[in-house]
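Heads up, the sequence shown is in the working numbering, so the first residue is -8 and it goes up one at a time.
We put the beta carbon where it would ideally sit given N, CA and C, even for glycine.
I have placed the structure first, in the form of structure tokens, so that the comments after it can refer back to it.
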Amino acid sequence: MDQFITDLRKYHTFLTGMQKRSNNNHQSPEPIRQFNDSWSLITVNKVDSVREEYSALDLALKECCDYIPIDLLQFEPKSKEDRGKW
């Protein structure tokens, strides 16, 4: 029980600190993050042929109009491990 109370106090201290940091960030006159902090622009070149595992998605993209969102759930593998590589 002592360990549980210690952990709750530690968590309370963490949340209090987070609240203070959030309040400081909200009151800051300057943006906390810069526009180019966490993104990069990568040019992806077209390939000659699409790999077999992406053929269904490639066909769907060729048949749809531009700027229509497509849910990838119907194309991605069912296995969690395979989805990580897909």
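Residue i to residue j span [Cα, whole Å]
i	j	result
Asn14	Ile23	12 Å
Ala51	Arg42	14 Å
Cys55	Tyr45	16 Å
Gly8	Asp28	24 Å
Lys78	Asp(-7)	Nothing in the structure corresponds to residue 78, since the chain is present only between -8 and 77.
Leu64	Ile(-4)	43 Å
8 Å contact criterion, which residue i and residue j should meet: CB distance rounded
i	j	result
Phe66	Ala47	6 Å
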